Structure formats: structure tokens, C-alpha cells
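Here's the structure, in C-alpha cells; my notes come after.
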Amino acid sequence: MPEVKILEDVCKGCGLCCDGICPVNILILSPNRINSSGYHPATVTDMEKCTGCGYCYITCPEPAIEVYK
Amino acid sequence: MKLIFGRPAGLTEVNQRYCPGCGHGIVHRLIAELLVELDIRERAVGIAPVGCAVFADEYFNCDMIQPPHGRGPAVATGIKRARPDCILFSYQGDGDLAAIGTAETVHAAARNENITVIFINNAIYGMTGGQLAPTTLPGMRSTTSVQGRDTGKQGYPIKVCELLAGLDGPYYLERCALDTPKNIIRTKKVLKTAFQNQINNKGFSLVEILSMCPTGWGMTPVQSKKWISEVMSKYYPLGEFRNRAKEEK
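Sequence order for the protein chains is A and B.
Quick note on the working numbering: the first sequence kicks off at 1 and runs consecutively.
Quick note on the working numbering: the second sequence kicks off at 70 and runs consecutively.
Structural data, given as C-alpha cells:
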């Protein structure tokens, strides 16, 4: 099963990976969490659905996303 | 579990200090991936610009140099001629390449110097606070054109690829964008061609990349991505402006 790991303290909460980029729409900006820089980091809602396409990694400017398969 | 997508070895562990949603980070990553894929990291020399990416020497895991404002192609020319085994890439923004460095860019292209120039076009001066740049679109607001760019007063934008395509010198010119995953993958392919041209001693390659500056444009990162697709790429059409490899066939 593919797995997406968000490096929460690197993420700047820009939301580029959340805006319809994910084909299965499992990425959102976490409304309740705040990282050490004061941003709401991206988070995965349902890891079961992940296909490991890597589109989130491709659009991430940091890169704060790692994809494992 | 095997890592299939992650921070490439061409980037250092330093976290980039760009604003959220800035396109610089994406281009840095694409270049870093290519340094590893083409196995040129040990002999690559990058030229950092003056602008937001002035600290690029901290981010790229290869040799870097930071010349005076706009002099990237001139410094790259010097290093390339002294050390032809090095792979030179000049990373420049629109203030660096299309304003203060226009002369260096045009002459390096006219001489067909064997270097790779990466031009980040975000239509605004990002680092100094969102002032009007040579690439600001007509009617676009900036802190020095609060009513929008008035072409009667401030003239028209410079389209760098079209400008250089008027010269016989350059080997490869292409414009791409960072608005969709498809275009980002395309950008990587174009950058790869630009590096390969240099490895094969073909000559001057310039890749213009339409990039977002959410802070300078006063938009969210998602809005600025859409603005590239809907407005900016209409004024600056994407595509190939010169590819002598195809002409030679």
C-alpha cells in the first residue's frame, strides 16, 4: 500500500497539494493543528485510498511530502 | 516500504525561506532532481541571482557562485570558457535577467555560449516588495502601478523568449509554467533538454518558467496558480520558440 508522509514542520500550509491536485482528494489543510512555524500543515484524511501517484510531491514547493510504496 | 518520491540529493537539508506557495521551491527541486539524474552534480556550477533566490547557494547541493546583479550569463561564460568540463546553470528572475541583466542575456544568446539559463518569470519584483517589473502584464497592479500598468506611461512588457528568438544565436528557447502537475512535469523535461544541450556542447539554452508569487500578487497560492493558467499564460504563450536540434534534422 502506498503511503504519503507529510513533514509537518517543513510544510508551509500553502494548500497547492490540496486544491484538486490529488486524484482521490485525500489531502486537506489540517484545521486543528499548527506547526512550529505557525502554519496549518497539510494532512491525509484517508491513507487507504492513496494510489502513490506522487502529484502532491510534484506540486509541493518545499518539498515537505514523501511518498513510500 | 521504499521511498519513491522525496527530497533529492541535489538539495541540501536547509529548509527554504520562500513564502508559502512560491514557485522557486518547485524549480529548485526540479533542477536538483536533474543534477542527480544526469549525474552532473559533482561538476555543476550554479549562478545564484539577486532577488528572492539569492540564497540559492544554501539550497543547492553543488558549487554555487553569487555574482553582481544581472551578471549571471557573463560570469557563467567566464567559468565555462576557463573550465569547459563544468556544467553551468544561471538561475535568474525577471528583475535580474530582463531588467538590469538584459545586455548580458542578449549578448550571451547572440554568442551562443554553451550555458543553460533558467529564467523565472513571475511578472513582479518579489524581494523588494512587489514593484512593477519589465514583465508585469498591462493592467496588472503592483506597488508602483496601483491603478494597473498603464502602457502609455510604463510601456509594454518584455517577452524574453520572443525577443531572443529574433537572434540567430540561441540553440534552444522554451517557455513553460508551474500551474498544473502536467506543466511541472513538462518543465522538468524542458530543463533536462536544456542541460543535455550543454552536455553535448550545443550552445545557449534558455528556459522561461511562468512562476507564482502569491505575496507579490496579493493572492492565495491556489488563486495565483489559477491566474497563471487563465491570464498569464495567455499573454506569455507556452511553447518552443527555438530548437535547432529539430531544424538540423
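Ideal placement from N, C-alpha and C gives every residue a C-beta, glycine not left out.
On a predicted model such as this, the values are computed, not experimentally measured, just so you know.
Nearest-angstrom Cα distance between B/C88 and B/Y225? 28 Å
Any idea what DSSP makes of B/Y225, helix, strand or coil? coil
Is DSSP giving B/L232 helix, strand or coil here? helix
Limits of the alpha helix (DSSP H) - the one that B/R150 falls within: G141 to A151
Please state whether DSSP places B/L157 in a helix, a strand or coil. strand
Helix, strand or coil for B/C245 per DSSP? strand
With B/S274 as the anchor, note down where its beta strand (DSSP E) starts and where it stops. S274 to L279
Within 10 angstroms of the Cβ of B/K303, are there 16 or more other Cβ atoms? Answer buried if so, exposed if not. exposed
Does any residue of chain A bring its CB to less than 8 Å from the CB of B/Y87? yes
Scan the region 174 to 203 of chain B for residues whose Cβ lies nearer than 8 Å to a Cβ of chain A and list them as they occur along the chain. none
Are B/G308 and B/R244 close, meaning C-beta to C-beta below 8 Å? yes
Report the option in A/V10, A/E62 and A/C22 whose CA atom is closest to the CA atom of A/G52. A/C22
Identify the continuous beta strand (DSSP E) that holds B/F129 and give its terminal residues. Careful: B/F129 lies outside any beta strand (DSSP E) and carries neither H nor E.
Between which two residues does the beta strand (DSSP E) containing B/F124 stretch? Per DSSP, B/F124 belongs to no beta strand (DSSP E) and is neither H nor E.
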